[in-house]
Amino acid sequence: MNENNNKTSIYIKILTLSTSIIAVFLVINLFVYSGDPATNNTETMLPTFKDSYSIFSLKIPDDLSFAGEPVPVDKHWVKESFDRELLINTYWQSQTVLFVKRSNRYFPIIEPILKEQGVPDDFKYLAVIESGLMPRSVSPAGASGIWQFMSATAKEYGLEVNSEVDERYHLEKATVAACKYLKKAYAKYNNWTLVAASYNAGKRGISNQLDRQKADSYYNLLLGEETGRYVYRILAIKEILSHPVEYGFHVDDNDKYPTIATQTIQIDSTLANIANFAANYGISYKEFKDLNPWLRENNLTNRYKKTYQIALPKGLIKEEKTLAQDNEAAKPISIENKEMKMEKQSLIIKQ
């Protein structure tokens, strides 16, 4: 023990001495270079800067499409509008890197729902420009979730929205609701590009402009700043996320955000305290809310005994089982050989 302590003491002294020498060297160099006018001279540094820093224009693809519909890039205003959004999203590197990373987590959830609902796959890029694929995103106007539903519209398309449950934050259900809106709009316009524009401006807003301007295409409409850029932003994000390396985005697979594997349990009764409920399963309140952001409070009253699907980390519960509990007392169940007391509720556990 003493010999080890002596060796440790010697190592610490050597490390301290080395650190001190490096610090002195850095301070000396700081004074030398700060006192040298040549190092702070713009004329001296500018050639080096010019040689090492370049900004490039981007080549616009000859063929662009959205949801199988061609984009008329031969029209100068279309090409220039797309160019603007492509430049912004290419050179706003930090944001676009996050889009690349998040898309790896959320696209595998969104894509099969779009396919099942008969909506073109390209609409996943609409979700990117709506929310940046941030599940808890809220706009200044109150639009919420990855698909940015307003409360009234969410209810119109079948989502539950109240103080305790807000399914705008339930990705799967919100994606289905978005598909309902998109298909209804397509029945009206028979054009997916106009459908995308209507997601921003509303069906009435797009229809009014089509009638007023005697137009039949999004690309021939004169629109306000937000809707006028909207489809071009989708196109730019589609182009970059489809070919990230071509636009300078090198993101290793290990750096992309993984899809979180979950299993679900069904509940049809009250959760008096969600923090306790999460703790009973051995997970934190934060992790529980990350998996179930649609539960907005620390309790779920559930006065109408609705059945809800609660997500838990996959593998937390090893066996499929049904737990029916009476109203007299909570009974323990075994999860991975651990006894955990549950609240009074009926649970159906599924992988």
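Per this note's numbering, the very first residue in the sequence shown carries number -18; after that it's consecutive.
Virtual Cβ for every residue (Gly too), placed ideally from N, Cα, C.
Item	Value
Pair within 9 Å by beta-carbon distance, residue 249 and residue 273	no
Integer-rounded CB distance, given that residue 109 should sit under 8 Å from residue 241	That belief does not hold up - the Cβ atoms of residue 241 and residue 109 are roughly 19 Å apart, past 8 Å.
Between the CA atoms of residue 208 and residue 152 - distance to the nearest angstrom	24 Å
Residue 216 to residue 34 span [Cα, whole Å]	28 Å
Every unbroken alpha helix (DSSP H) within the segment 206 to 230, with a cutoff of 4 residues, ordered by chain	206 to 223
Residues sharing a beta bridge with residue 50, DSSP	47
8 Å contact criterion, which residue 280 and residue 255 should meet: CB distance rounded	6 Å
Burial state of residue 30 (16 or more Cβ within 10 Å)	exposed
DSSP-derived helix/strand/coil call for residue 12	Interpretation of residue 12 is limited by its pLDDT of 48, a score under 50 that renders its predicted location unreliable; no figure is taken from the coordinates.
C-beta contact flag for residue 116 and residue 123 at 9 Å	no
As assigned by DSSP and simplified to three states, the class of residue 100	coil
Of the residues 196, 101, 38, the one placed nearest residue 50, counting alpha carbons only	101
Residue 138 versus residue 264: straight-line alpha-carbon distance, rounded	33 Å
Buried/exposed call for residue 105, threshold 16 Cβ in 10 Å	buried
Check whether residue 163 and residue 176 have beta carbons under 9 Å apart	yes
CB of residue 95 within 9 Å of CB of residue 156, strictly	yes
Residue 211 versus residue 293 - alpha carbon distance	36 Å
Range of the contiguous alpha helix (DSSP H) that encloses residue 140	Where residue 140 is concerned, there is no enclosing alpha helix (DSSP H), given that its DSSP letter is neither H nor E.
Cα-Cα separation, residue 133 to residue 287	21 Å
Sequence-distant residues of the same chain with beta carbon closer than 8 Å to residue 39, five excluded per side	64, 67, 68, 71, 228
Same chain, Cβ closer than 8 Å to residue 113, five either side skipped, listed in chain order	76, 79, 80, 83
Runs of alpha helix (DSSP H) wholly within the segment 71 to 117 (minimum 4 residues, chain order)	74 to 98, 105 to 112
Through-space distance from residue 278 to residue 269, alpha-carbon basis	12 Å
Rounded C-alpha distance that separates residue 259 from residue 129	28 Å
Distance, residue 62 Cα to residue 213 Cα	7 Å
Neighbourhood of residue 135 by C-beta, 6 Å cutoff - its chain only, sequence neighbours within 5 removed	142, 149
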